[in-house]
Each structure stands twice: as C-alpha cells, then as structure tokens.
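Accompanying notes for the structure given below.
Numbering (this note's numbering), first residue to last: 55 to 123.
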C-alpha cells in the first residue's frame, strides 16, 4: 500500500500543531518525489512497498535539510 496519504496527514497535523517548518518539509518532500517520478503515482500500484516509500520520503527530507544547511 502507498503510505503517502498517511504521511501527508502527518504533515497536516504538524501544521495544525504549529510546526510549520516541519510540515513544509514533509509537503515539499512528497511533492518533489512525485514531480521527479521517483514515486510514479499516489495509488497502490506504484510498484513500491510501503517501507520503500516511507524510506524515500525520509531520505528526501534529510537531503533537502542537508542541502539547505
């Protein structure tokens, strides 16, 4: 299953809790992965496992944080 919806919801929760920067990081990581086609679709037929997608989002957030520093 594709966990992007759950990850995006966690980003919305961060925004609601006042963690604007963290919420923006989550949102931009998801957008970047979809725009680059590294995650080809938001449905379960992306060919990637839940673990793979989760790890890709974490890596994308980390890489964006490193390049911004």
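Virtual Cβ for every residue (Gly too), placed ideally from N, Cα, C.
Item	Value
Compare the Cα-Cα distances from residue 61 to each of 100, 108 and 117 and report the closest residue.	108
Just the Cα atoms here: how many angstroms apart are residue 117 and residue 83?	9 Å
Looking only at its own chain, which residues have a Cβ that is under 6 Å from the Cβ of residue 90, when we skip the five neighbours before and after it?	none
With burial defined as no fewer than 16 other Cβ atoms inside 10 Å of the residue's Cβ, what is the status of residue 85: buried or exposed?	exposed
Mind checking which residues open and close the alpha helix (DSSP H) that includes residue 59?	58-70
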